[in-house]
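Numbering (this note's numbering), first residue to last: 1 to 335. The beta carbon of each residue, even a glycine, is placed where N, CA and C say it ideally should be. Let me begin by presenting the structure, written as structure tokens, before commenting on it.
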Ligand SMILES: NC(=O)c1ccc[n+]([C@@H]2O[C@H](COP(=O)([O-])OP(=O)(O)OC[C@H]3O[C@@H](n4cnc5c(N)ncnc54)[C@H](OP(=O)(O)O)[C@@H]3O)[C@@H](O)[C@H]2O)c1
């Protein structure tokens, strides 16, 4: 058994990791931590009472290194890089869910803050599983993609060779409120969100440069990404619709089916996708349609799972030589 820990166990993605790890056949959960520690996991998450009893410590790199072979960092950006340099030096495998190791140095510093671990940044593998599977088998540091970039990239990447990249991509994204983490703000207040839908950071969200950078890395083309996220009155789930201009005649469903014929966790749908069929699972559901030179691609994921924690677990599985799908949730919260 590989000993694993979760730093950030009181947060939303930390909880999802704990829920999957307690039943994982190849991982033994040996360490949990938050900023304050001195509590238990069932005190932090009452839903876990009777399921798992474990102390939660005050996060500290030396304790993590003693207790674990692999650690998940479910932390805000900037907090993660403070841990990673010590953990990698101590020989641990690390899966970071924050933005700290997702981007090239310039892209990161333009959109986040100064990077404090330039040594490890170049060796991090972007954990978009279907595109970096082989690289993940051979790394000690995986960087979980953003939730919106996960859904957007899985949908649009198969079409990049067929679209006119001189025309901007338009990405219309909608997310449940858990995408913002557990900290309350006026934007995520019940009264603001309930019976409501609204855009936030239109054309300025920092997931746009992440999407553009990964399209460039995977297909070698520059494309301008116009990205507008919206908050919807749901707890979890993301629906991303991408609009692009084609330069070739294609059967969009054939393109998707061929791209993902060997990928168990991508479900190519014959009808438009919805968040509910993926909530609670690692699946990404994708649908596409064409009219003339207009391409519509729509993908649905659970932001906390495929957009964060189950994708992190799939990366950890690969890093430890396990089957990619080991312990990943597949049954949606329906009805
Ligand atoms: N939510 C999503 O859908 C989603 C999707 C993709 C990626 N992500 C990324 O995943 C990361 C975690 O997101 P989340 O939604 O789980 O956030 P969250 O609910 O706000 O939880 C953050 C966690 O980090 C801990 N923490 C903060 N600073 C720390 C520090 N310096 N040392 C130790 N622990 C610290 C917090 O502990 P305390 O309780 O003690 O403060 C809490 O457990 C973020 O980087 C986020 O961008 C989230």
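- Where residue 53 is concerned, there is no enclosing beta strand (DSSP E), because DSSP gives it neither an H nor an E.
- Fewer than three Cβ pairs drawn from the segment 211-229 and the segment 270-278 lie within less than 8 angstroms of each other, which leaves the two stretches out of contact.
- By the CB criterion at 8 angstroms, residue 328 and residue 137 fall outside the cutoff.
- In this structure, the CA atom of residue 178 is about 12 angstroms from the CA atom of residue 190.
- In this structure, residue 42 sits away from residue 1, with a CB-CB distance that is not shorter than 8 angstroms.
- A straight line joining the alpha-carbon of residue 91 with that of residue 23 spans about 25 angstroms.
- Straight-line measurement puts the Cα of residue 302 at about 14 angstroms from the Cα of residue 233.
- Within the same chain, Cβ atoms closer than 7 angstroms to the Cβ of residue 118 are found at 105, the five residues on either side in sequence being excluded.
- Secondary structure at residue 335: coil, using DSSP grouped into helix, strand and coil.
- Taking residue 333 as the centre and dropping the five residues before and after it, the same chain places the C-beta of 276, 279, 280 closer than 8 angstroms to its C-beta, in chain order.
- In the DSSP secondary-structure assignment, residue 291 is bridged to 294.
- Here the alpha carbon of residue 47 sits roughly 38 angstroms from the alpha carbon of residue 203.
- For residue 28, no alpha helix (DSSP H) segment is defined; the enclosing uninterrupted segment is the beta strand (DSSP E) at 27-34.
- The shortest CA-to-CA distance from residue 293 to any of 252, 12, 141 is the one to 252.
- Looking at the DSSP output, residue 187 shares a beta bridge with no other residue.
- Secondary structure at residue 175: strand, using DSSP grouped into helix, strand and coil.
- Exclusion of the five residues before and after residue 67 leaves 3, 5, 30, 31 as the residues of its chain whose Cβ lies within less than 7 angstroms of its Cβ.
- As summarised for the segment 47-116, the continuous beta strand (DSSP E) elements at least 3 residues long and confined to that stretch are 55-58, 70-73, 93-96, given in chain order.
- Nearest in C-alpha terms to residue 60, of all of 166, 101, 164, 85, is 85.
- The C-alpha of residue 101 lies about 8 angstroms from the C-alpha of residue 144.
- In the three-state scheme derived from DSSP, where H, G and I count as helix and E and B as strand, residue 231 is classed as strand.
- In the same chain as residue 248, and ignoring 5 residues on each side of it, the C-beta atoms closer than 7 angstroms to its own belong to 162, in chain order.
- In this structure, ligand 1 has no non-hydrogen atom nearer than 7 angstroms to the beta-carbon of residue 201.
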